[in-house]
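Numbered per this note's numbering, the sequence shown spans residues 76 to 421. What follows is a single structure, written as C-alpha cells, with notes after it.
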Amino acid sequence: MEEQIKNIAENAIKEIGNAQNANALYDIRVKYLGKKGEFTAVLRGMKDLSSEQRPIIGGMVNKYKEELENLITEKEKQFAEKELQRKLKEEKVDVTLPSTKVTRGSKHPLNRVIEEIEDLFVSMGYDVVDGPELETDEYCFERLNLPKGHPARDMQDSFYITTEYLLRTQTSSVQARAMLANTEKTPIRIIVPGKTYRREDDATHSHQFNQVEGLVIDENITLAHLKGTLEVFMRKLLGEKTELRFRPSYFPFTEPSYEVDVSCFKCGGKGCNLCKQTGWIELLGAGMVHPNVLKMNGYDPEKYTGFAFGTGLDRLAMFKYGITDMRYLYRNDVRFLKQFDQMDID
Ligand code: PHE
Numbered sequence: 076m077e078e079q080i081k082n083i084a085e086n087a088i089k090e091i092g093n094a095q096n097a098n099a100l101y102d103i104r105v106k107y108l109g110k111k112g113e114f115t116a117v118l119r120g121m122k123d124l125s126s127e128q129r130p131i132i133g134g135m136v137n138k139y140k141e142e143l144e145n146l147i148t149e150k151e152k153q154f155a156e157k158e159l160q161r162k163l164k165e166e167k168v169d170v171t172l173p174s175t176k177v178t179r180g181s182k183h184p185l186n187r188v189i190e191e192i193e194d195l196f197v198s199m200g201y202d203v204v205d206g207p208e209l210e211t212d213e214y215c216f217e218r219l220n221l222p223k224g225h226p227a228r229d230m231q232d233s234f235y236i237t238t239e240y241l242l243r244t245q246t247s248s249v250q251a252r253a254m255l256a257n258t259e260k261t262p263i264r265i266i267v268p269g270k271t272y273r274r275e276d277d278a279t280h281s282h283q284f285n286q287v288e289g290l291v292i293d294e295n296i297t298l299a300h301l302k303g304t305l306e307v308f309m310r311k312l313l314g315e316k317t318e319l320r321f322r323p324s325y326f327p328f329t330e331p332s333y334e335v336d337v338s339c340f341k342c343g344g345k346g347c348n349l350c351k352q353t354g355w356i357e358l359l360g361a362g363m364v365h366p367n368v369l370k371m372n373g374y375d376p377e378k379y380t381g382f383a384f385g386t387g388l389d390r391l392a393m394f395k396y397g398i399t400d401m402r403y404l405y406r407n408d409v410r411f412l413k414q415f416d417q418m419d420i421d
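Here is the structure:
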C-alpha cells in the first residue's frame, strides 16, 4: 500500500511539473485531492488495515496531500503572475492620447422660457400644476361657461377624439380641475404650463403649441391685482421698460375680459416691422373669473373673486429670442437648438 501511495504522489508531481496553465492545475487538483480523487480512494481501503498500520498510512497520505497542495498553489501563483505581466504589457494605456469629445445637449428655448416663468411665479407663492392633454369637453369648455353649441367655441378649432374627448385647446381646462380638486374651497394661486392643440399650421401657428395659464382666487381680488401681476410677469421676461395695454375683449370664462398688449421690445414702441408699425404686440388673454365659472366649480361668487390669464409660450420664446418661424421650435434641428446656450438674455 505504501508503494501505491508513493506512485500516486510521484505521478501527481510529474503532472504538476508538466501543467501548462491554470486549468490543467485545476484538473490535477480534482484528480488527486478531490472528493473522488485517487488519495480518497486509497483512504477508503484503510478499514482493512491493522490498527498499528492505520496511523502510519494516514500520516503518509496527509503528508503527500499537503505537499501536492503546496506545489499546486505555488504553480498557480506563477501562472497568475505570468498572466498579469502579459496583461500589463498588452493592455498598456497611452495616457497622452487625445480623449473622445463629450458632447453636451442644450436646453430647448421653450423649456428655458417655461423654467423662467415657473421660477418667477413660485417666488410669488404660486403652485405649478398640470392636467391631461387628452381632455373632456366638460373641462375644456362646459365648466368654463362654454356649453355645447356656444358660438365662442369657433375661436378654437379642435381635434376631437370622440364627441366627449378632445386634445385640449387651452390650458384654461385646468382651471375647473383645480377648483373642483380644492374641496375645502380655500384660495387658489396656480400657474399651468403645458401643451395645447388646435387645427392650425402657418409661420406663427402650429397644430401643437404651449400655453401658460394663471389663476388666482381669493377674497377681494380685483383687476388691480391682475394688472400688477401681468406687469411683473412681462417686465421680468421681456425687460423692465415693457409697458402694458389692456384692450376690452371677450372670453366666456372671464368678465370683464381683456387682450393684453406689450410695448414692442424691438423698437420700444416707436413702430417697426415686428409690431407692424403699431408699437404694440398682442400677447395675453386675461380677465376676472366669471361668476358662473366660480359657481359651477364650487366657489361662492359672493365671497370670492379671482383673475385668470393665458399666454402662448411659443410666441413668448419667439419674441424673447428673435425666432422668425414657430415651426423651428418643433423641427429638432440641432444647429438651431444649439444657439440658445450662448444667448441667455436676462
Ligand atoms: N384660454 C384663452 C385662450 O387660449 C386665454 C385666456 C386665459 C383668457 C385665461 C382669459 C383667461 O385664448
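The beta carbon of each residue, even a glycine, is placed where N, CA and C say it ideally should be.
> Which word fits I420, buried or exposed, when buried means at least 16 other C-beta atoms lie within 10 angstroms of its C-beta?
Replying inline: Summary for I420: the model assigns pLDDT 47, below 50, so the residue's position carries little reliability, and this model does not support an answer.
>> Is E288 near the ligand PHE - that is, is its Cβ less than 8 Å away from at least one heavy atom of it?
In response: E288 Cβ: within cutoff of the ligand PHE.
> Helix, strand or coil: which one does DSSP assign to F382?
Replying inline: Correct three-state label for F382: strand.
>> On the CB-based measure, 16 or more other CB atoms within 10 Å of its CB, does L241 come out buried or exposed?
In response: By the 10 Å Cβ count, L241 comes out buried.
> Straight-line CA distance for V267 to R187?
Replying inline: Across the structure, V267 and R187 are spaced so that their CA atoms are roughly 16 Å apart.
>> With a threshold of 8 Å (Cβ to nearest heavy atom), would M309 be considered close to the ligand PHE?
In response: For the ligand PHE, not one heavy atom lies less than 8 Å from the Cβ of M309.
>> Tell me whether E230, by its Cβ, gets closer than 8 Å to a heavy atom of the ligand PHE.
In response: The question names Glu, but residue 230 in the sequence shown is Met. Yes.
> For the putative contact between D389 and F284, defined by C-beta atoms under 8 Å, what is the C-beta separation to the nearest angstrom?
Replying inline: With a Cβ gap of about 5 Å, D389 and F284 count as contacting.
> What residue does the beta strand (DSSP E) around F284 start on, and which one ends it?
Replying inline: Per DSSP, F284 belongs to the beta strand (DSSP E) from Q283 to D293.
> Leaving out the 5 sequence neighbours to the left and right, which residues in its chain are closer than 6 Å to Y396 when beta-carbon positions are compared?
Replying inline: So the qualifying residues of the chain are P184.
> Which stretch, first to last residue, makes up the beta strand (DSSP E) that contains L241?
Replying inline: Taken as a continuous stretch (DSSP letters only), the beta strand (DSSP E) holding L241 covers Y240 to L242.
> Within 9 Å (strictly less), CB to CB, does D416 reach chain D?
Replying inline: Absent here is chain D; the protein component of the structure consists of one chain.
>> Mapping the DSSP letters down to three states, classify K316 as helix, strand or coil.
In response: DSSP, read as helix, strand or coil, puts K316 in coil.
> Which two residues bound the contiguous alpha helix (DSSP H) that contains T271?
Replying inline: Per DSSP, T271 belongs to no alpha helix (DSSP H); it is in the beta strand (DSSP E), I263 to Y272.
>> I'd like the list of long-range same chain contacts for Y235, defined as Cβ closer than 6 Å, with 5 residues on each side in sequence excluded.
In response: L241, listed in sequence order.
>> Considering only their Cβ atoms, is the gap separating Q286 from Q245 smaller than 9 Å?
In response: Against a cut-off of 9 Å, the Cβ pair of Q286 and Q245 comes out as a contact.
>> Using the three-state DSSP reduction, which class does I103 fall into: helix, strand or coil?
In response: Taken through DSSP and simplified to helix, strand or coil, I103 comes out as helix.
> Which residues mark the beginning and the end of the beta strand (DSSP E) in which D336 is found?
Replying inline: Its beta strand (DSSP E) spans residues T329 to S338.
>> Can you tell me whether M199 is helix, strand or coil according to DSSP?
In response: Three-state DSSP puts M199 in coil, outside helix and strand.
>> The alpha helix (DSSP H) that contains L118, what's its start and end?
In response: E113 to R119 is the span of the alpha helix (DSSP H), which, as asked, contains L118.
>> With H, G and I counted as helix, E and B as strand and the rest as coil, what does DSSP make of V188?
In response: Helix.
> Hey, how far is the Cα of T258 from the Cα of G381?
Replying inline: Straight-line Cα distance between these residues: approximately 17 Å.
>> Taking DSSP's pairing of strands, which residues face D277 in a bridge?
In response: DSSP, once it has assigned bridges, lists H280 as partnering D277.
>> Taking the alpha carbon of L369 as the reference point, which residue from G362, Y379, L312 and G360 has its own alpha carbon closest?
In response: Nearest of G362, Y379, L312 and G360 to L369, Cα basis: Y379.
>> Please report the straight-line C-alpha distance between R273 and Y405, rounded to a whole angstrom.
In response: R273 and Y405 have their alpha carbons spaced roughly 15 Å apart.
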